[in-house]
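Report on the structure given below.
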C-alpha cells in the first residue's frame, strides 16, 4: 500500500545523514512504486555540506578539523551550508507522483506549498523568495523562488536532485545563528573578509529564534508529514529504523 513513511532521527554525523538520504532516494530509483519517505534530523558534530557540483578547494579543511566539524557532500545540488543549530529535512519519492510532480520546479513548488501551510499554522508570516540562486559559495546568500523568507530574509534553504525515476530534496530551517560562521571555513579569507561574509549573512537571513518561534524536530516532522500526506493522498506511518539497507555509498 502506498504510504508516507517518516522518521525523526535526532542529531547524527554528517556522513551518516547523507548515507541515509542517499539510501532513501536510491530505494525509489530501484523501485519507483508510489510512496514518500521523509526524514527530519540534526547534525552532531556540526558539519559543512557542499552541493553536489561545488568545488571542495574553497573550504579551509584545517579550520574545520580544528573546530571538530566535518565536511560532507550532499547528493543534492545547491550551495554550501554550515549545519549548526538547524532543523534539516529530506524528502524522497518517485517522479510523477500526484501531488508532488515530475519537473524540478514543480516538485520544489509542491513541497514549498506544504511548508507554507506549516509555517502559517504556527503563526509565522513566511513568503516565497524571488532573488534567484545563490550569488556566491553560500546557500543562504539568496533565496530562490521556492525558498522561504520572512520580510525578505531567508529562513529555509533547499536543494533537489532529480534522478531517472525518483528525486531527493534537502531543506534546512535556521533555528539559531550558527550558520553565520560559514566564512570562517572558506579558504583564503582573512579576518576582514570573514567579517564581511558574516555581515552579509546577518543581513540576508533570519532564524526561528530571532522570530521568537519555538519549533523542534518532533513538532516539525509530525506537521510536515501530515501536510505532505494530505497533498499526495496517502496515509502516514512513523518508523524508528534507519533508511540504510544497501547502496548507500557514492554520490
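Residue numbers (my numbering): 386 to 636.
Backbone N, C-alpha and C fix where the C-beta goes; we use that ideal spot for every residue, glycine too.
Treat the numbers as computed from the prediction; the structure is a model and nothing was measured.
Looking at the backbone, the Cα of residue 393 and that of residue 439 are separated by about 28 Å. Taking C-beta separations shorter than 8 Å and ignoring five residues to either side along the sequence, the partners of residue 400 in its chain run 455, 457, following chain order.
The stretch 470–482 and the stretch 569–582 do not touch, with fewer than three beta-carbon pairs separated by less than 8 Å. Taking C-alpha positions only, residue 586 is separated from residue 386 by approximately 44 Å. Collapsing the DSSP output to three states places residue 434 in a strand.
Look at residue 399 here: in three-state DSSP terms it is helix. As the crow flies, the alpha-carbon of residue 494 is around 6 Å from that of residue 531. The Cβ atoms of residue 553 and residue 391 do not sit closer than 8 Å to each other. Relative to residue 551, the option among 614, 615, 489, 431 whose CA is nearest is 489. Residue 464 carries a coil assignment under DSSP once its states are collapsed to helix, strand and coil. For residue 593, the CB contacts under 6 Å within the same chain, skipping 5 residues up- and downstream, are 560, 600 in chain order.
Residue environment analysis places residue 406 among the buried positions, since at least 16 neighbouring C-beta atoms fall within 10 angstroms of its C-beta. In the three-state reduction of the DSSP assignment, residue 496 falls in the helix class. In the structure shown, residue 420 adopts coil according to DSSP, grouped into three states. Burial is judged here by how many other beta carbons sit within 10 angstroms of a residue's own beta carbon; residue 557 has at least 16 and is buried.
Going by beta carbons, residue 619 and residue 414 fall outside the 8 Å limit.
Considering only 427, 549, 421, the residue with the shortest C-alpha distance to residue 605 is 427. With fewer than 16 neighbouring CB atoms inside 10 Å of its own CB, residue 437 falls in the exposed class. For residue 479, the pairing in a beta bridge is given by DSSP as 551. Nearest C-alpha to residue 511 among 491, 534, 524: 534.
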